[in-house]
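Enquirer: Read in the numbering used here, the sequence shown has 111 at position 111, and its numbers run on one by one without any break. Submitted below is the structure of interest, expressed as structure tokens.
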Amino acid sequence: MAIKEDIENSVQEAEIREPLIQDNNNLSNGEDGPSQKSSSGHPWMVYFSTFVAVCGSYAFGACAGYSSPTQSAIREELSLSLAEYSVFGSILTFGAMIGAITSGPIADFIGRKGALRVSAAVCVAGWLAIYFAEGALALDIGRLATGYGMGVFSYVVPVFIAEISPKNLRGALTTVNQFMICMGVSVAFIIGTVLSWRVLALTGLVPCAVLVLGLFLIPESPRWLAKRGREKDFEVALQKLRGKDVDIIQEAAEIQDYITTLEQLPKPKLLELFHRRYLRSVIIGVGLMVCQQFGGINGVCFYTGEIFETAGFSSSIGTITYAILQVIVTGMGAFFIDKAGRKPLLLVSGSGLVLGCLLAAIAFYMKVNEIALQAVPALAVTGILLYIASFSAGMGAVPWVVMSEIFPINIKGQAGSLATLVNWFGAWLCSYTFNFLMSWSTYGTFLLYAAINALAILFVIMIVPETKGRTLEQIQAAINK
């Protein structure tokens, strides 16, 4: 719970100042007075700290991308059944649910850097268990451990970036988190086509090592230090992030004032999230996570190679193309999120997801019924690539951005934890059931996902507000009117 409250420490302290800035140019260029100066003074430490933190995001992606290129080799070498491998693929998300639940207390007790170290250590143990595995049990234990690390990273990395970044850099730097997740997935896909599954597991140790070493060189989150009452350390960390010649007095005072206000707000119990004044925010945040996960992304991501093989297309070529496209489109989405707005990106993304699923469904229907078989591989690959490009453009990152904006600050911790738990449960359910659905009906699976993504479009149109360029107060006013 605390970790979600601390996301808002960064977002809201900027938004407290925002109504005071009347010039639209100032809104686009950064902060006023000393805060603006701190934003543009010497951001190199902010950039470096972000780089270190997103090594955790890369490790996240490496975990998620591991199962797709290794499925055939692991099943053959260890004689795993389809059900056993489905457990191995999906137990990652179960571990992530545990990590997501426990990451808040860990990050609040030992700090953001401490939580990142714990997560990296658990991931290292998990990768080593997978590397030395001789049966399903060791594989599952290793996968569960890497999933736990993913769950912690999914909370702590964006929180840490948000808490160290000045307002004019926060949006861009926070989206680097999603970009590096996609990069980790993509690299795992590509090198997994040439490396054995055991060696591929060892490559997961690299980002963890870089993260642990880098943490010795960067400051702790100033907002966490302030919240813990470590005023001297707080000022030192903030000064280091903003630059030694930058005046941090105003920003430091605003952070301290905001933390004081935060501690005075009531902290409702879980069931109180469903009271009328909070209900719409919860519906939006949780609903977007349902839309993101139940549309099939983790099934497609975890088992991409098998999908291409089923369609009669080269698994290695398809996987590499998928990986490159995902990185490019995610980068483009990160660039446009503060320009086009959240809702337009979600609608464009959802439309592409529906079309991609329909193309894949048509391709597999043609294969089952032996209609124009020569066109099946190209049609299936086009559908899958359109699907992943569309997801990367909006549905991948935007729900997390909206979730960080949509909840009132006094419920942000519990509501954010609930939404994240729903997200990981959906990821587990999708990844576990995908192979069974494909065994039931290849084209029926993608028709089901197309229907879910169509419902997601309706949900976005009818329920989700645009949050771009609004303060938290304006967002709450739009939700509760």
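Using N, Cα and C, we set each Cβ at its ideal position, and we do this for glycine too.
Which term fits Thr321, buried or exposed, when burial requires 16 or more other beta carbons within 10 angstroms of its beta carbon?
Expert: buried
Enquirer: If you draw a straight line from the C-alpha of Glu84 to the C-alpha of Ala136, how long is it?
Expert: 7 Å
Enquirer: So, is Trp197 buried or exposed, given that buried needs 16 or more other C-beta atoms within 10 angstroms?
Expert: buried
Enquirer: Alpha carbon to alpha carbon, what distance is there between Ala133 and Leu271?
Expert: 42 Å
Enquirer: Can you give the Cα-Cα distance for Gln36 and Ala237, rounded to whole angstroms?
Expert: Residue placement at Gln36 is poorly supported in this model, since its pLDDT is 40, which falls under 50; the coordinates still yield a value, given next. Approximately 18 Å, taken between the alpha carbons.
Enquirer: Ends of the alpha helix (DSSP H) at Pro266?
Expert: Premise fails: Pro266 is in no alpha helix (DSSP H) and is neither H nor E.
Enquirer: Any idea if Tyr47 is buried or exposed, counting beta-carbon neighbours within 10 angstroms, 16 or more meaning buried?
Expert: exposed
Enquirer: What residue from Gly126, Gln414, Asp140, Ile384 has the CA that sits closest to Lys269's CA?
Expert: Gln414
Enquirer: Going residue by residue through the stretch 65-112, where are the continuous alpha helix (DSSP H) segments of at least 4 residues, counting only ones entirely within it?
Expert: 67-78
Enquirer: Using the Cα positions of Leu359 and Ile110, report the straight-line distance between them to the nearest angstrom.
Expert: 49 Å
Enquirer: Considering just the uninterrupted stretch of the alpha helix (DSSP H) at Ile483, what are its terminal residues?
Expert: The structure shown does not extend to residue 483, since the chain spans only 1 to 481, so no value can be given for it.
Enquirer: Our contact map puts Leu139 next to Phe88 with C-beta atoms below 8 Å; I'd like the distance itself, whole angstroms only.
Expert: 5 Å
Enquirer: Are the beta-carbon atoms belonging to Tyr278 and Phe364 less than 8 Å from one another?
Expert: no
Enquirer: Measuring CB to CB, does Val157 end up less than 8 Å from Ala53?
Expert: Cβ atoms of Val157 and Ala53: closer than 8 Å.
Enquirer: Quick one: is the Cβ of Val282 within less than 7 Å of any heavy atom of the ligand MN?
Expert: The ligand content of the structure shown is nil, which means the ligand MN is not present either.
Enquirer: For Gly352, report the span of its alpha helix (DSSP H) as first-last.
Expert: 342-368
Enquirer: Going by beta carbon distance, what residues of the same chain come within less than 7 Å of Leu205, once the five residues before and after it are set aside?
Expert: These residues qualify, in order along the chain: Val124, Trp127.
Enquirer: What's the C-alpha gap between Ser90 and Met438?
Expert: 15 Å
Enquirer: Taking its Cβ as the centre, do 16 or more other Cβ atoms sit within 10 Å of Ile461, making it buried, or is it exposed?
Expert: So Ile461 counts as exposed.
Enquirer: DSSP three-state call for Ile181: helix, strand or coil?
Expert: helix
Enquirer: State the Cα-Cα distance for the pair Tyr258 and Pro266, rounded to the nearest angstrom.
Expert: 14 Å
Enquirer: For Ile74, which residues from the same chain have a beta carbon less than 6 Å from its beta carbon, with the 5 sequence-adjacent residues on both sides left out?
Expert: Trp197
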